[in-house]
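**Student:** Take this structure, written in C-alpha cells, and hold onto it; I'll ask about it next.
2 protein chains.
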Amino acid sequence: VADQPLFARVAFIGIGLIGSSMARVMRRDHLAGHIVACARRPETREACLKLGIADQVTADYAEAVRDADLVVIATPISTNETIAKAIAAHLKPGAIITDVGSVKQAVIDAIAPHLPSNVHFVPAHPLAGTEHSGPESGFAELFQGRWCILTPLPNTDATAIEKVSTFWRKAGSKLQTMQAGHHDKVLAITSHLPHLIAYTIVGTADDLAEDLKQEVIQYSASGFRDFTRIAASDPVMWRDIFLNNREATLDVLQRFTEDLTALQRAIRRGDGDALEKLFARTRAIRRSVIDAKQA
Amino acid sequence: VADQPLFARVAFIGIGLIGSSMARVMRRDHLAGHIVACARRPETREACLKLGIADQVTADYAEAVRDADLVVIATPISTNETIAKAIAAHLKPGAIITDVGSVKQAVIDAIAPHLPSNVHFVPAHPLAGTEHSGPESGFAELFQGRWCILTPLPNTDATAIEKVSTFWRKAGSKLQTMQAGHHDKVLAITSHLPHLIAYTIVGTADDLAEDLKQEVIQYSASGFRDFTRIAASDPVMWRDIFLNNREATLDVLQRFTEDLTALQRAIRRGDGDALEKLFARTRAIRRSVIDAKQA
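Quick look at the structure:
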C-alpha cells in the first residue's frame, strides 16, 4: 500500500536532541505510524506530547517497546546494558533495534548479548549534534548533509540494515558502513580528542582568578570562544563516551601530548623554523577539509 | 573644514588581511587623503593598486613614511624592530605611529626605543581576523563589533590616542585600554593557547597513516573541523606571536597540561564523577560567553 509508513510503530528509549530530531524527521516524512517516547523524567514526557513528537509517552521500558517495529536507543551509553536487559523479553519478533551512540564497540558489547535471536540490531552513529540538550532542542534538519555511520555485525539481517538506512537517507544523511572498532578509532581523533581538549582548555580558564576570567570571557572571540561551544556539550553523554572509548582516546591523547611537548620545547628554545614549518603543514590540512566539503 | 579627512596622508607598512581591511575602512569613510602601501613583494604592491586600496605603492620604507600623518605597522612582529630603525629618521614631526600586533609588550620594546621624541606611538591590537592572508582577503567590515585594545605608554599624547581611537570607532570596533603586559596575559589564554592547541591537534592528525588521515578529514565535522580553521591562520604571523609572548604562553600552557593530565588520569581510572563534574562546569562558561554577547 502506498500509504504504509516505513515503520508502523516506533519506540524511542530516551528522547533528547538526537532522538527528538529523529522523531521530527519521522513526523515530517510520515515514516512512523505511531511514536512512543520512553523517558525517565516527567518533564521530558510532557515536552514530547506538547511538541507533538510522540503519540504516547511512558517511563516503562516494557510498555514502550511492546509491538514496536523499530526501537531507537538514544540515551547516554552507560544506560545501554540496563535498557537492553529490560526490553529484551518484551520485543516483538522481527523488531529492529538501533542506537545513536558515539562509541560503537562498547555499545555493541552492552546491548547485543542480551537481545533475543529473533530481533535485528543495527548500531548507528549520526555525526550530528549541537551543544544543546533535551527534546526542545531537536530539529528535523539536524542530519541534513551529515554522515551517519552504521556498524552492523557480520550476521546482521540485510533487510533490517536497509530499513534503517532508508530512514537515515530520508533524514538527509550520507551513509557509511564501518567495523565498530575502526569507527571508534576514527572518532577518537575527529571527535573525542577535540572535545577532551576543549573541555580542558575551558576548565583551565575557569580556574583563573575571577577578574582575569571575566576578561577571558569578554575577549573570547579571538579563539577561545570556539572551544566554549564544543565544551558546552552534554556532560553525561560525554562522560560516557570517554569511559567507553577509553583505549582509543588515551592512545590519541598520548600522541597529542607528545606533539604538544615538542611545540612547547620549540617555543621555549625560540625555534621559529620548527614553529613555522608545523603551522604551514596544518594550513594544508584545512584545504583538504574544504576540498572534502566538510568546512 | 568639513571635508578634511582624519589623516591627510597614511602609510601602511605591510598590507595583508588587517592592513588592507583598515585601508578599506579609510576609503569607505574618507578618513585618509592619500594612502601609501609599502610591501616587499611586487605582487602585493600590484594587488593594492588593482584593489584601489592604495594611491601609491613602494618597497622603500623611507619613501612610504615621508610626510605621513599616520604610519600603520601591520607586518609580522619579528620585522618590527628593523622597520622602526628604518623609518625613524624619515618620520614627519608630530606623526602618529600605530601597529596591529597580537602581542604588545614585545612590540613596544621593538619599536618605541627607536622612534624620535617628536612622534607619537599608539600600540593597538584589533581582535579580528580570519584564516585568510594577503590584501585580497581584507574587507571593511572585519572590525565591526569587535574589540580593539590600545596599550599606550604612560606618556603617550592624548590627542594622538584620540585620533587612533576615532579611526577604530569608525571601523565599528569597541575600544579598550590596557597595560601591555596585562594584554599579553589575557591574550595568551583567549587566543594564543587556543591556537597552539589547534595547531598541535591538526599536526597530530597530519602524522597519521594516509588512509586514516583521509577518514579524519572526511568525518571532520564532528569536532576536528573547528580546529582546522584556527590552525589555518598565517604561519609566520603565529610563529612570531609565540616567539614574542613566550613567557605568558608557556605559563598558561603549563596549567593546561596539568589539567589535561588530570583528565587523562580520570579517564584511565574510569572516574566518571570527575569527568561529569568538569564537563558541567565548562558548560556554565559557555553561558557566560553567550551572556557577554561574544558567541
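Chains as they are written, first to last, in this note's numbering: chain A, 79 to 373; chain B, 79 to 373. Ideal Cβ placement from N, Cα and C applies to all residues, glycine included.
Any idea if residue 108 (chain A) is buried or exposed, counting beta-carbon neighbours within 10 angstroms, 16 or more meaning buried?
**Tutor:** By 1-based counting over the first sequence, the position of residue 108 (chain A) is 30. Under this definition residue 108 (chain A) is an exposed residue.
**Student:** Does the segment 248-262 of chain B come close enough to the segment 287-297 of chain B to have 3 or more Cβ pairs within less than 8 Å?
**Tutor:** The answer is no - the segment 287-297 of chain B does not touch the segment 248-262 of chain B, with fewer than three Cβ pairs under 8 Å.
**Student:** Taking the C-alpha atoms as reference points, what is the distance between residue 144 (chain A) and residue 138 (chain A)?
**Tutor:** Start at 1 with the first residue of the first sequence, and residue 144 (chain A) comes out as number 66. Start at 1 with the first residue of the first sequence, and residue 138 (chain A) comes out as number 60. Approximately 10 Å between the Cα atoms of the pair.
**Student:** Tell me the residue span of the alpha helix (DSSP H) that contains residue 177 (chain B).
**Tutor:** Translated into positions along the second sequence, residue 177 (chain B) becomes position 99. Careful: residue 177 (chain B) lies outside any alpha helix (DSSP H), inside the beta strand (DSSP E) at 174-177.
**Student:** With the cut-off set at 7 Å, would you say residue 280 (chain A) and residue 305 (chain A) are in Cβ contact?
**Tutor:** Taking the first sequence and counting its residues from 1, one reaches residue 280 (chain A) at position 202. Taking the first sequence and counting its residues from 1, one reaches residue 305 (chain A) at position 227. In contact: residue 280 (chain A) and residue 305 (chain A) (Cβ atoms closer than 7 Å).
**Student:** Pull out every residue of the segment 295-327 of chain A whose Cβ sits closer than 7 Å to any Cβ of chain B, in chain order.
**Tutor:** The residues in question are 295, 296, 297, 298, 299, 300, 301, 302, 303, 304, 305, 306, 307, 308, 309, 310, 313, 314, 316, 317, 320, 321, 324 and 327.
**Student:** Measure from the C-beta of residue 164 (chain B) to each C-beta in chain A and report whether the shortest distance is under 7 Å.
**Tutor:** Walking along the second sequence from the start, residue 164 (chain B) turns up at place 86. So, not an interface residue.
**Student:** Thinking C-beta only, is residue 198 (chain B) closer than 7 Å to residue 227 (chain B)?
**Tutor:** Start at 1 with the first residue of the second sequence, and residue 227 (chain B) comes out as number 149. Start at 1 with the first residue of the second sequence, and residue 198 (chain B) comes out as number 120. No.
**Student:** Indicate whether the contact test is met: 3 or more Cβ pairs, each with one atom in the segment 140-155 of chain A and one in the segment 206-214 of chain A, closer than 8 Å.
**Tutor:** Touching, no, given that fewer than three Cβ pairs across the two stretches are closer than 8 Å.
**Student:** Under three-state DSSP, which class holds residue 217 (chain B)?
**Tutor:** For the purposes of this step, residue 217 (chain B) is taken as residue 139 along the second sequence, with counting starting at 1. Three-state result, residue 217 (chain B): coil.
**Student:** Output yes or no for whether 7 Å exceeds the beta carbon distance between residue 162 (chain A) and residue 186 (chain A).
**Tutor:** Counting from 1 along the first sequence, the entry for residue 162 (chain A) is found at position 84. Counting from 1 along the first sequence, the entry for residue 186 (chain A) is found at position 108. In this structure, residue 186 (chain A) does not lie closer than 7 Å to residue 162 (chain A) by Cβ.
**Student:** Within the 7 Å Cβ cut-off, does residue 281 (chain B) reach chain A?
**Tutor:** Residue mapping note: residue 281 (chain B) aligns to position 203 of the second sequence, counting from 1. Yes, its Cβ sits closer than 7 Å to a Cβ of chain A.
**Student:** Please name the residue or residues paired with residue 225 (chain A) in a DSSP beta bridge.
**Tutor:** Within the first sequence, numbered from 1, the residue matching residue 225 (chain A) stands at position 147. Paired residues: A:252.
**Student:** Tell me, which residues are paired with residue 135 (chain B) by DSSP?
**Tutor:** What you label residue 135 (chain B) is simply residue 57 of the second sequence in a count that begins at 1. Per DSSP, B:115.
**Student:** Is it right to say residue 364 (chain B) is buried, meaning 16 or more other beta carbons lie within 10 angstroms of its own, or is it exposed?
**Tutor:** What you label residue 364 (chain B) is simply residue 286 of the second sequence in a count that begins at 1. Buried, by the Cβ-count rule.
**Student:** Once the 5 residues before and after residue 217 (chain A) are set aside, which same chain residues still bring their CB inside 7 Å of it?
**Tutor:** The residue given as residue 217 (chain A) occupies position 139 in the first sequence. For residue 217 (chain A), where only same-chain residues beyond five positions count, the Cβ hits under 7 Å are 99 and 102.
**Student:** So, helix, strand or coil for residue 309 (chain A), using DSSP?
**Tutor:** Reading the first sequence from its first residue, position 231 is the one you call residue 309 (chain A). Note: residue 309 (chain A) maps to coil in three-state DSSP.
**Student:** Buried or exposed: residue 263 (chain A), going by 16 or more other Cβ atoms within 10 Å of its Cβ?
**Tutor:** The residue you call residue 263 (chain A) lines up with position 185 of the first sequence. By the 10 Å Cβ count, residue 263 (chain A) comes out buried.
**Student:** Name, going along the chain, the residues of the segment 210-233 of chain A whose beta-carbon falls closer than 7 Å to a beta-carbon of chain B.
**Tutor:** Within the segment 210-233 of chain A, the residues whose Cβ lies closer than 7 Å to some Cβ of chain B are 224 and 225, listed in chain order.
**Student:** Taking the beta carbon of residue 348 (chain A) as the centre, do at least 16 other beta carbons fall within 10 Å, making it buried, or is it exposed?
**Tutor:** On the first sequence, residue 348 (chain A) is found 270 positions in, with the first residue counted as 1. Exposed is the call here.
**Student:** Leaving out the 5 sequence neighbours to the left and right, which residues in its chain are closer than 7 Å to residue 94 (chain B) when beta-carbon positions are compared?
**Tutor:** Looking up residue 94 (chain B) in the second sequence gives position 16. Around residue 94 (chain B): 152, 211, 212 and 213.
**Student:** Secondary structure at residue 340 (chain B), three-state DSSP: helix, strand or coil?
**Tutor:** As a working note, residue 340 (chain B) is residue 262 in the second sequence. In the structure shown, residue 340 (chain B) sits in a helix (DSSP, three-state: H, G or I).
**Student:** Can you list, in chain order, the residues of its chain with a C-beta nearer than 7 Å to that of residue 104 (chain A)? Leave out the 5 residues immediately preceding and following it.
**Tutor:** Looking up residue 104 (chain A) in the first sequence gives position 26. Counting only Cβ-Cβ distances below 7 Å, and skipping sequence neighbours, we find 88, 110 and 113.
**Student:** Tell me whether residue 312 (chain A) counts as near the ligand ATP, meaning its Cβ is closer than 6 Å to at least one heavy atom of that ligand.
**Tutor:** This structure lacks the ligand ATP, and indeed carries no ligand of any kind.
**Student:** In terms of residue numbering, what span does the alpha helix (DSSP H) encompassing residue 91 (chain A) cover?
**Tutor:** In the first sequence, residue 91 (chain A) corresponds to position 13, counting from 1. Run containing residue 91 (chain A): none in the alpha helix (DSSP H); it sits in the beta strand (DSSP E), 85-91.
**Student:** Which residues in chain B have a C-beta closer than 8 Å to the C-beta of residue 354 (chain A)? List them in chain order.
**Tutor:** For the purposes of this step, residue 354 (chain A) is taken as the residue at position 276 of the first sequence. Those are 313, 314 and 317, listed as they occur along chain B.
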